[in-house]
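A quick write-up on the structure given underneath.
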Amino acid sequence: MLTLADHILDITENSIRAGAKLIQISIDEDSLNDSLAIEIKDDGHGMDGEVLQKVLDPFYTTKTVRRVGLGLPLLKDAANRSGGTFQMESQENSGTTVKATFGLRHLDRQPLGEIINVIIILIISNSNIDFFYKHRHNDRRFEVDTREIRKEIEDVPINHPEIIKYIRGVIDEGLSQIGSEA
Numbered sequence: 241m242l243t244l245a246d247h248i249l250d251i252t253e254n255s256i257r258a259g260a261k262l263i264q265i266s267i268d269e270d271s272l273n274d275s276l277a278i279e280i281k282d283d284g285h286g287m288d289g290e291v292l293q294k295v296l297d298p299f300y301t302t303k304t305v306r307r308v309g310l311g312l313p314l315l316k317d318a319a320n321r322s323g324g325t326f327q328m329e330s331q332e333n334s335g336t337t338v339k340a341t342f343g344l345r346h347l348d349r350q351p352l353g354e355i356i357n358v359i360i361i362l363i364i365s366n367s368n369i370d371f372f373y374k375h376r377h378n379d380r381r382f383e384v385d386t387r388e389i390r391k392e393i394e395d396v397p398i399n400h401p402e403i404i405k406y407i408r409g410v411i412d413e414g415l416s417q418i419g420s421e422a
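Structure below.
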């Protein structure tokens with residue numbers, strides 16, 4: 241994984257496999273405290289305590305095709321390399337929250353990468369799932385909530401090309417307005 245957006249896509253795919261209907265992606269840039277936090281929260285089926293203890297083992301996976309589960313260990317390693325932290329909470333039938341923090345200006349922090357493309361890919365590929373994307377830079381923030389967009393577009397599919405073009409524009413403008421450093 242070359243960028244933090246790659247990690248976000250990977251962890252979000254775990255949420256999708258877990259049956260999530262709402263996935264919340266939050267990015268928080270705090271220049272004063274030299275911190276970048278990423279949180280992914282879902283309402284999927286969650287994990288019991290035994291599975292939760294095993295998921296950071298790269299040789300443990302619930303997948304049947306590819307018998308390794310590198311996503312979570314790689315994210316934890318990326319956070320640790322930049323002086324950050326990694327936390328994961330989950331309860332069966334209640335969803336999972338993954339949070340990683342990074343040194344915002346740390347030399348070993350991976351770049352954020354193409355976050356707009358990741359959000360767009362998720363929406364296009366999973367039109368039956370709602371996504372809430374929030375991005376904060378110091379005291380400025382913006383958010384995109386597909387639940388709100390669905391109310392406005394009524395019967396038009398969320399992955400319709402014109403809707404996707406609109407969402408892409410909203411995210412691009414939002415990142416510009418908040419002055420994202422990541």
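Residue numbers (the working numbering): 241 to 422. We put the CB at the ideal spot given by N, CA and C, even for glycine. A quick note: this is a predicted structure, and the numbers were derived from the prediction, not measured.
Beta-carbon spacing of residue i, residue j below 7 Å
i	j	result
Gly289	Ala258	no
Thr252	Ile267	no
Ile403	Ile393	yes
Leu310	Leu296	no
Glu354	Ala422	no
Lys374	Glu388	no
Val358	Ile248	yes
Gln331	Gly286	yes
Ser367	Asp348	no
Gln350	Ala318	yes
Ile356	Ile398	no
His377	Glu269	yes
Residue i - containing beta strand (DSSP E), residue span
i	result
Gln327	Phe326 to Gln331
Asp412	Segment Pro401 to Ile418 is the alpha helix (DSSP H) holding Asp412; no beta strand (DSSP E) there.
Ile267	Leu262 to Asp270
Asp385	Arg380 to Asp385
Exposed unless 16 or more other CB atoms sit within 10 angstroms - verdict on residue i
i	result
Phe371	buried
Ile407	buried
Lys281	buried
Val338	buried
Lys391	exposed
Lys316	buried
Gly414	buried
Leu242	exposed
Arg380	exposed
Asn254	buried
Leu272	exposed
Thr325	exposed
Gly419	exposed
Beta-bridge pairing of residue i - partner residues as DSSP gives them
i	result
Phe299	Looking at the DSSP assignment, Phe299 forms no beta bridge with any residue, so it has no partner.
Asp370	Leu262
Glu388	DSSP, once it has assigned bridges, lists no residue as partnering Glu388.
Ala431	In this structure the chain extends from 241 to 422, so residue 431 is not present and cannot be described.
Gly222	One cannot answer for residue 222 here, as it falls past the ends of the chain, which runs 241 to 422.
His468	Since the first and last residues shown for the chain are 241 and 422, residue 468 lies out of range.
Residue span of the alpha helix (DSSP H) that contains residue i, given as start and end
i	result
Ala318	Gly311 to Arg321
Leu249	Leu244 to Arg257
Val358	Ile355 to Ser365
Any 3 or more C-beta pairs closer than 8 Å across the segment 338-345 and the segment 261-278: Touching, yes, given that three or more Cβ pairs across the two stretches are closer than 8 Å.
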